[in-house]
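S.K.: To start, I am sharing the structure in question, which I have written as structure tokens.
Protein chains: 2
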Amino acid sequence: MVDSGRAPRRGRPPVSDEQRGRQRLDISRHAVRLFAEQGVAATSGEQIARAAGVSERTLWRCFPTKESCVEPLLTKMLDAFRTVLHAWPPGVGLIEHLRTAYQPVLDSSSGEDVEAVLAVVRMTHDEPALRAAYLVLRERAEETFTEVLAERMGMPPATFEVRVQAATMNAVLKVAADEFARETVGRGITPEVLKDHREQLAHALGLVTRRLSGTDVG
Amino acid sequence: MVDSGRAPRRGRPPVSDEQRGRQRLDISRHAVRLFAEQGVAATSGEQIARAAGVSERTLWRCFPTKESCVEPLLTKMLDAFRTVLHAWPPGVGLIEHLRTAYQPVLDSSSGEDVEAVLAVVRMTHDEPALRAAYLVLRERAEETFTEVLAERMGMPPATFEVRVQAATMNAVLKVAADEFARETVGRGITPEVLKDHREQLAHALGLVTRRLSGTDVG
DNA sequence: ACTTTAATGACAGTTACTGCCAACAAACTG
DNA sequence: CAGTTTGTTGGCAGTAACTGTCATTAAAGT
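Residue numbers (the working numbering), protein chains in the order written: chain A, 383 to 600; chain B, 383 to 600.
Following this line, the structure appears as structure tokens:
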């Protein structure tokens, strides 16, 4: 309907979304490293910008607050779950699907990023500003859950029941992620704790989701 | 064990917690009013302090950020639920208890405060900083739920299952509060929407809490 | 009155961010 | 190639949210 692309495009084209994403992710990694090394409060925006090799001005153009610099990395982690959720085949229960398909570390990315993410999750318990950013982030991810669940339950996404299920799922994920971060603190990420994590998540979701088993949902 | 009160107390005594609370609540009311009138970004700390009749310095001593000024008011709302939860008698299911005992507006406080709280909840959808403060606040309230549920389920509060149930309950409460704020936007708080809210909350909690019915819990 | 302890207010200082504009980069046009 | 157009970046000044410090005042006891 709109005549998109019809205008013969003059001047420099805007950078692609992927490139933007890469830049943000790059900054995010440096920021998280600095946060972990010296604490959030002791890390200045100027420092982050220098480490990432950009000017402070562009840093603030990419992120509204310095705490939000953790977003791209954390989003990668949440994406692991989102992917699995999207791949949830009809007819099979959510819990059993998770048990077979959810491998949080492998899908998400390189091991270093995973460690960094876990470090952030641990930091959120002591740094209030970071906790706030973390919670906002998780809530944004809830939207995705809402969409998937809405389709699953055959209701519009804005439905109260759908939102309740999505919020519930999100809450369970948060506690499970927290527990996972706690248990991997000393040792690295062994296949054991990974399995425990998946099992714990599946178990917990089984506790609170009645209507999402395979038999209930058309 | 400690020789508390043994030292014959010299000098001016520190102000009581109630008085502190009153001061914070007073500031909170002014802050919320200003936020609602002109938006969060357009309201400065100096303005809040002037409206509340204190110096800016003491404002920052009471609240770490200007968004956190909404805390005392919002906490009052959450307290309404906490009270009901604490009054939850053994042997009776949580849902039926809520259906009979939960009257969010009446317990909490004066009608003006309730309207202010709802205004804040609505504002959180457009003001990111406010949303962050709101989410942090709600998560702090989760601790209380954890304690009550832990006692109920006969487990230590740090247990994974207890935390899952508490987080779930918290998530449901959030969605319900959100819906309540949305439905009361034009009209005031009629007994009708109030009843709908209670019913909706009870229904939603029934959906996601299996183990908290009267028969399941000893 | 004098001491002691706690709260407040005033003021300077830091820093997270914002607006603004000049400089530069990447496309197309002649 | 220069010239134009459009988008991105960087520098610099400014604002406002806080923080540290200290003098002043308030509320108690002796």
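Where is the CB? At the ideal position from N, CA and C, for every residue including glycine.
For a minimum of 4 consecutive residues, which ranges assigned as the alpha helix (DSSP H) are wholly contained in the region 461 to 542 of chain B?
M.R.: Entirely contained in the region 461 to 542 of chain B, the alpha helix (DSSP H) runs reaching 4 residues are, in chain order, 476 to 483, 486 to 490, 493 to 505 and 510 to 535.
S.K.: With H, G and I counted as helix, E and B as strand and the rest as coil, what does DSSP make of residue 422 of chain B?
M.R.: Position 40 of the second sequence, counted from the start, is the residue given in the question as residue 422 of chain B. Of the three classes helix, strand and coil, the one that applies to residue 422 of chain B here is coil, per DSSP.
S.K.: If we define contact as Cβ-Cβ less than 8 Å, is residue 554 of chain B a contact residue for chain A?
M.R.: Here residue 554 of chain B refers to the residue found at position 172 when the second sequence is read from its first residue. Yes, its Cβ sits closer than 8 Å to a Cβ of chain A.
S.K.: Return yes when the Cβ of residue 586 of chain B is within less than 8 Å of the Cβ of residue 559 of chain B, no when it is not.
M.R.: Locating residue 559 of chain B in the second sequence gives position 177, counting from the first residue. Locating residue 586 of chain B in the second sequence gives position 204, counting from the first residue. It is not a contact, given that the beta carbons lie outside the stated cut-off.
S.K.: Between the region 546 to 555 of chain B and the region 518 to 532 of chain B, do at least 3 Cβ pairs fall closer than 8 Å?
M.R.: These segments touch.
S.K.: Is the CB of residue 399 of chain B under 8 Å away from at least one CB in chain A?
M.R.: The residue labelled residue 399 of chain B in the question sits at position 17 within the second sequence. Taking Cβ atoms only, chain A never reaches closer than 8 Å to residue 399 of chain B, which makes this a no.
S.K.: Let's see if you can read the secondary structure: which residues bound the alpha helix (DSSP H) around residue 588 of chain B?
M.R.: Reading the second sequence from its first residue, position 206 is the one you call residue 588 of chain B. That run of the alpha helix (DSSP H) goes 573 to 590.
S.K.: Report the residue from A:486, A:405, A:487 and A:466 whose alpha carbon sits nearest the alpha carbon of residue 453 of chain A.
M.R.: Residue numbering aside, residue 453 of chain A sits at position 71 when the first sequence is read from its first letter. Residue 453 of chain A has its Cα closest to that of A:405, out of A:486, A:405, A:487 and A:466.
S.K.: Specify the secondary structure class of residue 395 of chain A as computed by DSSP and reduced to three states.
M.R.: The sequence position of residue 395 of chain A within the first sequence is 13, counting from 1. Coil.
S.K.: Check whether chain A comes within 8 Å of residue 390 of chain B, counting only Cβ atoms and requiring the distance to be less than that.
M.R.: Taking the first residue of the second sequence as position 1, residue 390 of chain B is located at position 8. No, no contact with chain A.
S.K.: So what does DSSP say about residue 390 of chain B, is it helix, strand or coil?
M.R.: For the purposes of this step, residue 390 of chain B is taken as the residue at position 8 of the second sequence. Residue state, collapsed to three classes: coil.
S.K.: Give me the residue from B:390, B:447, B:391 and B:394 with the minimum Cα distance to residue 409 of chain B.
M.R.: Residue mapping note: residue 409 of chain B aligns to position 27 of the second sequence, counting from 1. Checking every option, the nearest Cα to that of residue 409 of chain B belongs to B:447.
S.K.: Assuming contact is defined by CB atoms lying nearer than 8 Å, are residue 486 of chain B and residue 462 of chain B in contact in what I supplied?
M.R.: Taking the second sequence and counting its residues from 1, the one referred to as residue 486 of chain B is at position 104. Taking the second sequence and counting its residues from 1, the one referred to as residue 462 of chain B is at position 80. Cβ atoms of residue 486 of chain B and residue 462 of chain B: closer than 8 Å.
S.K.: Between the region 559 to 575 of chain A and the region 498 to 511 of chain A, do at least 3 Cβ pairs fall closer than 8 Å?
M.R.: Contact between the region 559 to 575 of chain A and the region 498 to 511 of chain A is present, because at least three Cβ pairs lie under 8 Å.
S.K.: In the structure shown, what three-state DSSP assignment does residue 432 of chain B receive?
M.R.: Numbered from its first residue, the second sequence carries residue 432 of chain B at position 50. If DSSP states are grouped into helix, strand and coil, residue 432 of chain B belongs with the helices.
S.K.: Can you tell me whether residue 524 of chain B is buried or exposed, with buried defined as 16 or more other CB within 10 angstroms of its CB?
M.R.: Here residue 524 of chain B corresponds to residue number 142 of the second sequence, with the count starting at 1. Answer is buried; the Cβ neighbour count reaches 16.
S.K.: Alpha carbon to alpha carbon, how far is residue 455 of chain B from residue 507 of chain B? Give it in angstroms, no decimals.
M.R.: Numbered from 1 along the second sequence, position 125 holds the residue referred to as residue 507 of chain B. Numbered from 1 along the second sequence, position 73 holds the residue referred to as residue 455 of chain B. Using only the alpha carbons, I get a separation of about 18 Å.
S.K.: Mind checking whether residue 449 of chain B and residue 515 of chain B have CB atoms under 8 Å apart?
M.R.: By 1-based counting over the second sequence, the position of residue 449 of chain B is 67. By 1-based counting over the second sequence, the position of residue 515 of chain B is 133. It is a contact, given that the beta carbons lie within the stated cut-off.
S.K.: Between the beta-carbon of residue 340 of chain A and the beta-carbon of residue 584 of chain A, is there less than 8 Å?
M.R.: This structure cannot settle anything about residue 340 of chain A, because the visible part of chain A is limited to 383 through 600.
S.K.: Between the C-alpha atoms of residue 421 of chain B and residue 569 of chain A, what's the straight-line distance to the nearest angstrom?
M.R.: For the purposes of this step, residue 421 of chain B is taken as the residue at position 39 of the second sequence. For the purposes of this step, residue 569 of chain A is taken as the residue at position 187 of the first sequence. Residue 421 of chain B and residue 569 of chain A: Cα-Cα distance of roughly 47 Å.
S.K.: Helix, strand or coil for residue 437 of chain B per DSSP?
M.R.: Here residue 437 of chain B refers to the residue found at position 55 of the second sequence. Reduced to three states, the DSSP call for residue 437 of chain B is coil.
S.K.: Buried or exposed: which applies to residue 536 of chain B, given that a residue is buried once 16 or more other Cβ atoms fall within 10 Å of its Cβ?
M.R.: In the second sequence, residue 536 of chain B corresponds to position 154, counting from 1. Residue 536 of chain B comes out exposed.
S.K.: Three-state secondary structure (DSSP) at residue 567 of chain A?
M.R.: Counting from one through the first sequence, the residue named residue 567 of chain A turns up at place 185. Looking at residue 567 of chain A - three-state DSSP - the assignment turns out to be coil, as it is neither helix nor strand.
S.K.: Is it buried or exposed, residue 413 of chain A, if we count other Cβ atoms within 10 angstroms and call 16 or more buried?
M.R.: Taking the first sequence and counting its residues from 1, the one referred to as residue 413 of chain A is at position 31. It is buried - the Cβ of residue 413 of chain A has at least 16 other Cβ atoms within 10 Å.
S.K.: For residue 448 of chain B, name the three-state secondary structure that DSSP assigns.
M.R.: To locate residue 448 of chain B, count along the second sequence from 1; it is residue 66. Coil.
S.K.: How long is the line joining the alpha carbons of residue 445 of chain A and residue 574 of chain B, rounded to whole angstroms?
M.R.: Against the first sequence, residue 445 of chain A aligns to sequence position 63. Against the second sequence, residue 574 of chain B aligns to sequence position 192. So the two alpha carbons sit approximately 44 Å from each other.
S.K.: Hey, residue 554 of chain A and residue 590 of chain A: beta-carbon distance below 8 Å or not?
M.R.: Counting from one through the first sequence, the residue named residue 554 of chain A turns up at place 172. Counting from one through the first sequence, the residue named residue 590 of chain A turns up at place 208. A contact, by the Cβ cut-off of 8 Å.
S.K.: Mind listing which residues of the region 404 to 431 of chain B have their C-beta closer than 8 Å to chain A's C-betas, in chain order?
M.R.: Here the close residues number zero.
S.K.: Are the beta-carbon atoms of residue 427 of chain A and residue 416 of chain A separated by less than 8 Å?
M.R.: Taking the first sequence and counting its residues from 1, the one referred to as residue 427 of chain A is at position 45. Taking the first sequence and counting its residues from 1, the one referred to as residue 416 of chain A is at position 34. The answer is no: Cβ separation not under 8 Å.
S.K.: Of all the residues that make up the region 536 to 560 of chain B, which are near chain A by a beta-carbon distance shorter than 9 Å?
M.R.: The region 536 to 560 of chain B vs chain A, Cβ under 9 Å: 542, 543, 545, 546, 547, 548, 549, 550, 551, 552, 553, 554, 556, 557, 558 and 560.
S.K.: Counting only Cβ-Cβ distances shorter than 8 Å, please list the residues of the region 438 to 468 of chain B near chain A, keeping chain order.
M.R.: Correct list: 446.
S.K.: Once the 5 residues before and after residue 520 of chain B are set aside, which same chain residues still bring their CB inside 8 Å of it?
M.R.: Translated into positions along the second sequence, residue 520 of chain B becomes position 138. Around residue 520 of chain B: 460, 552, 555 and 556.
S.K.: Does the beta carbon of residue 589 of chain A sit closer than 8 Å to a beta carbon anywhere in chain B?
M.R.: Counting from one through the first sequence, the residue named residue 589 of chain A turns up at place 207. Interface residue, yes.
S.K.: Nearest to residue 571 of chain A by alpha carbon, out of A:474, A:542, A:496 and A:517?
M.R.: Translated into positions along the first sequence, residue 571 of chain A becomes position 189. The shortest Cα separation from residue 571 of chain A among A:474, A:542, A:496 and A:517 belongs to A:496.
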